[in-house]
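In the working numbering, the protein residues as written are 1 to 338.
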């Protein structure tokens with residue numbers, strides 16, 4: 001009799017737990033169904049890409065729980081809460097500027113594959129290449145180059161020992177290969193350790209300058225890179241996933257709080273001419289490569305904890321004490337068309 005009562009109590013507790021967690025379970029099941037859809041071959045000319053405006057628009061990944069989940073979409077920059085227009089191209093990470101769109105995607109299945117595709121403004125497929133693992137970051141330069149970062153281990157920046165592959169290439173042109181093979185310098189010291197990693201590229205408007213993150217051991221650096229010299233040189237410590245401002249005078253990046261477990265990143269902005277850093281603390285932290293809405297405002301994605309696979313885009317005004325504001329609901333991986 002005692003055993004029967006214990007069993008009934010256990011069942012009641014289980015039912016209560018499942019009821020309380022019902023929303024989270026449903027969210028996860030929906031996310032799993034969306035992200036484990038059959039593999040789709042790279043599209044030659046996805047519908048809707050050619051109609052994305054070249055200015056006054058924000059391009060992003062749609063994360064609504066609908067048939068458009070994962071599709072590339074856009075809204076007017078001056079009306080981010082307005083009606084969105086969705087294309088037929090699916091990406092896990094997307095970035096569009098100037099004349100090209102970079103799309104990093106996962107084709108999930110028993111043997112998942114990872115791809116990088118590049119499209120012209122007319123929607124034509126310009127390049128396709130495999131990635132070594134989960135897509136992470138991508139950027140497009142004004143001079144026709146594409147930077148991509150993917151995890152090799154399938155881990156994340158939060159864990160020590162992860163490994164990335166970051167490349168820069170011009171579709172149909174020069175391939176600069178893995179940035180890990182560039183000369184990486186901190187002062188006069190060249191980093192050659194096997195654990196060195198590079199990720200999070202951002203481009204200047206010329207055809208040779210970029211910035212990226214380099215890491216070795218437990219240290220990260222903002223790096224100033226030269227494609228002509230195939231070198232990267234440290235600018236400032238504890239900086240990740242840089243994003244150069246439209247006028248090239250400021251660099252925004254993630255800055256990890258000391259000894260934070262789990263990792264907590266705030267936003268920092270570096271003045272290139274003054275060589276000074278301004279910190280913008282965030283209560284909840286974030287983990288994304290920042291994008292510039294304009295010269296005085298940043299935008300970034302933030303996953304929804306209660307809904308796996310969903311996210312929102314927030315904006316932050318670069319004034320002391322500013323708090324993030326909701327910019328676009330159910331959206332991820334923004335790029336501003338200006």
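Heads up, the beta-carbon is just placed ideally off N, CA and C, and yes, glycines get one too.
In terms of alpha-carbon separation, which member of 71, 63, 55, 56 lies closest to residue 48?
71
Determine the contact status of residue 131 and residue 114, defining contact as a CB-CB distance below 7 Å.
yes
Can you check which of these residues, 287, 94, 98, is closest to residue 106 by C-alpha distance?
94
With a CB to CB cut of under 7 Å and the five nearest residues on each side skipped, what residues in its chain are close to residue 76?
56, 57, 82
For residue 277 and residue 253, I'd like the C-alpha separation in whole angstroms.
10 Å
Counting Cβ pairs, one atom from each stretch, are 3 or more of them under 8 Å apart for the region 200-219 and the region 259-268?
no
Taking the beta carbon of residue 228 as the centre, do at least 16 other beta carbons fall within 10 Å, making it buried, or is it exposed?
exposed
Quick one: measure Cβ to Cβ for residue 302 and residue 286, integer angstroms, because I've assumed they're closer than 8 Å.
6 Å
By DSSP, does residue 33 sit in helix, in strand, or in coil?
Residue confidence for residue 33 is low, a pLDDT of 42 falling below 50, so the modelled location carries little weight and cannot support an answer.
Going by CA-CA distance only, name the one from 338, 337, 331 that's closest to residue 91.
331
So, is residue 335 buried or exposed, given that buried needs 16 or more other C-beta atoms within 10 angstroms?
buried
Could you name the residues of the same chain whose beta carbon sits closer than 6 Å to that of residue 321, not counting the 5 residues immediately before and after it, in chain order?
none
For residue 278, which beta-bridge partners are listed by DSSP?
269
Per DSSP, what kind of secondary structure is residue 24 in: helix, strand or coil?
With a pLDDT of only 32 at residue 24, under the threshold of 50, the placement of this residue in the model should not be trusted; the figure read from the coordinates follows. If DSSP states are grouped into helix, strand and coil, residue 24 belongs with the helices.
Just curious, the beta strand (DSSP E) that residue 172 is in, first and last residue?
No beta strand (DSSP E) holds residue 172; DSSP gives it neither H nor E.
Are the beta-carbon atoms belonging to residue 137 and residue 289 less than 7 Å from one another?
yes
Where does residue 219 fall in DSSP's three states?
strand
Residues of its chain near residue 205, where Cβ-Cβ distance is below 7 Å and the 5 sequence neighbours each way are ignored:
142, 248
Determine the extent of the beta strand (DSSP E) in which residue 136 is found, giving its start and end residues.
135-140
Apart from the five residues on each side of it in sequence, which residues of its chain come closer than 7 Å, Cβ to Cβ, to residue 152?
132, 133, 163, 164, 165
Could you tell me how far apart the beta carbons of residue 339 and residue 167 are, in whole angstroms, since I believe they sit closer than 8 Å?
No answer is possible for residue 339: the residues shown for the chain start at 1 and end at 338.
Give me whichever residues DSSP pairs with residue 186 in a beta bridge.
189
Starting from residue 130 and walking both ways along the beta strand (DSSP E), at which residues does that stretch end?
125-130
Of the choices 88, 150, 297, whose alpha-carbon is the least far from that of residue 280?
297
Whole runs of the beta strand (DSSP E) within the region 53-133, excluding any shorter than 3 residues
57-62, 71-76, 85-90, 93-97, 100-107, 113-120, 125-130
So is residue 242 buried or exposed if we call it buried at 16+ other beta carbons inside 10 Å?
buried
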